[in-house]
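**Student:** The following block contains the structure, expressed as structure tokens.
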Amino acid sequence: MTSTPPPSASPGADWRIDRDRAITLFGPAAHDWPIEIVEETGSTNADLMARLKALPQKANALARPMVRVAYLQTAGRGRRGRTWVAQPGDALLFSLAAVLPRPIGGLAGLSLAIGSALVDGLRTLPVAAPGQIALKWPNDVLLEGDKLVGILVETAWSTPDATAVVIGIGTNVRGAEALAAEVKALNAAPAVPGTTPTALSRAWPHANLTDTLAAELNALEGALQRFGAHGFAAFQARWNACHAYAGREVVIYEQGKELLRGAAVGVDEQGQLIVDTPGGRETVTTGDVSLRLAGNGA
């Protein structure tokens, strides 16, 4: 685990990742992962994508996942090209690179599997009402109905027996009110449930980057192994058990236009959302679509 603070950084600042504590909290596998911590970068996803593209395209090209954490990302982004807004110390921003033993066609549901693992990891922290940490299809983790974590999966290359992926994860740890105000100013639109940002400190006053990083990486280690062996089918039941909108009326939008609406049932073995509509049961595939509770705009 390496870190590269700038000369002006104050090593004792309490919001920074405590290397010794993190190592104590990491499970056996995470101890073996290369973990870099940098002060600033454009995008941790872009950094690791470049490294993966330089590797030979083989299933054994990367012995173990590698992680890159940045206190500040100047070109961070989320799903559908959205900008990720965060101040240093307020959010845990990292990307994880891995080569999974599956062709690209076998990666359906990967972002949902990652979300399921993150819920389990975050629920190990001393948060009030851990059951309020739940999942929103396709790739958000919610806390008390508001957005806590965003996930972005990108593919560097694929062969018939392996795919190199970068998984970007942004978790709001502190400063929820300031973040919500900044996002509102940028969007110039009313807040929509499920998209309004919140932070772990809402349910855990002592929320910090160190414990959050350890909890998430410990959960992801086993999840990557299970997904590589069994795909999303191994996560389907758990995802459905943590589904924030189960049984509630939702609307699916595609490029801002309503695509369908109905009662959200859950997800199938491919990670597709199952919706009971007036015309019958429909499945929705991830793509350029967004989900909202009925009664809220796109």
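Note that my numbering has the sequence shown beginning at 7, numbered continuously upward. The beta-carbon is built from N, C-alpha and C at its ideal position, and this holds for glycine as well.
1) By the 10 Å Cβ neighbour count, where 16 or more other Cβ atoms means buried, how is Ala103 classified, buried or exposed?
2) My understanding is that Leu247 touches Leu131, with C-beta atoms under 8 Å, so please give their C-beta distance in whole angstroms.
3) Please state the DSSP three-state secondary structure of Ser49.
4) Would you tell me roughly how many angstroms separate the C-alpha atoms of Gly301 and Val256, rounded to the nearest one?
5) Take Gly174 and list the residues in its own chain whose beta-carbon comes closer than 6 Å to its own, dropping the five residues that flank it on each side.
6) Counting only runs of 3+ residues fully inside the region 237-265, write out the beta strand (DSSP E) ranges in chain order.
7) Could you tell me the distance, in whole angstroms, from the CA atom of Leu215 to the CA atom of Gly286?
8) How long is the line joining the alpha carbons of Ala162 and Val179, rounded to whole angstroms?
9) Going by beta carbon distance, what residues of the same chain come within less than 7 Å of Asp217, once the five residues before and after it are set aside?
10) Pro144: which of Phe238, Lys263 and Ala60 sits nearest, CA to CA?
11) State the DSSP-derived secondary structure class of Ala6, mapped to helix, strand or coil.
12) For Asp38, which of Gly262, Val172 and Ala28 has the nearest alpha-carbon?
**Tutor:** This is what the structure gives:
1) Against the sequence shown, residue 103 aligns to sequence position 97. Within a 10 Å sphere around the beta-carbon of Ala103 sit 16 or more other beta-carbons, which makes this residue buried.
2) The residue you call residue 247 lines up with position 241 of the sequence shown. The residue you call residue 131 lines up with position 125 of the sequence shown. Inspection of the sequence shows that residue 247 is occupied by Ala rather than by Leu. With 8 Å as the limit, Ala247 and Leu131 do not qualify as a contact, their Cβ atoms being about 19 Å apart.
3) Here residue 49 refers to the residue found at position 43 of the sequence shown. Looking at Ser49 - three-state DSSP - the assignment turns out to be coil, as it is neither helix nor strand.
4) On the sequence shown, position 295 is the one that residue 301 refers to. On the sequence shown, position 250 is the one that residue 256 refers to. Straight-line Cα distance between these residues: approximately 8 Å.
5) Here residue 174 corresponds to residue number 168 of the sequence shown, with the count starting at 1. Hits under 6 Å: Asn51, Ser101 and Leu158.
6) 255-260
7) In the sequence shown, counting from the first residue as 1, residue 215 sits at position 209. In the sequence shown, counting from the first residue as 1, residue 286 sits at position 280. If I take the Cα positions, the gap works out to 45 Å.
8) Taking the first residue of the sequence shown as 1, we reach residue 162 at position 156. Taking the first residue of the sequence shown as 1, we reach residue 179 at position 173. Cα to Cα, the separation comes out at about 29 Å.
9) Looking up residue 217 in the sequence shown gives position 211. Contacts found: Leu31 and Leu131.
10) Position 138 of the sequence shown, counted from the first residue, corresponds to residue 144. Nearest option by C-alpha distance: Phe238.
11) Outside the shown range of the chain, which is 7 to 304, sits residue 6, and nothing can be said about it.
12) What you label residue 38 is simply residue 32 of the sequence shown in a count that begins at 1. When only C-alpha atoms are compared, the closest one is Ala28.
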